[in-house]
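Student: I'd like to ask you about the structure that follows.
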Amino acid sequence: MTERKSRNRKTRAKNAGPSRDRSRDQDESRTNRIRLAQTAVEAAKLAWEIGNRFWR
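Letter 24 of the sequence shown, counting from 1, is numbered 24 in UniProt numbering, and no numbers are missing.
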């Protein structure tokens, strides 16, 4: 009886795919957020340069 319980637990842990996928999705969203932030910084720098040239 106890052996079957432990075996079921192992199988359940092995088949727990969705939680692993969810963590990978969180990692991807984090990298996307970082990439978006870097792009926003670059756009702000460009806008600053264009503004400086325009107002001179």
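Note that the Cβ used here is the ideal one computed from N, Cα and C, for glycine as well.
Return helix, strand or coil for R35, following the three-state DSSP convention.
Tutor: Residue state for R35 is assigned as helix, using DSSP reduced to three classes.
Student: For R22, which of helix, strand or coil comes out of DSSP?
Tutor: helix
Student: Taking just the CA atoms, how far does S29 sit from R56?
Tutor: 40 Å
Student: Might you give, ordered along the chain, the residues of its own chain that have their beta carbon closer than 6 Å to the beta carbon of Q38, omitting 5 neighbours on each side?
Tutor: none
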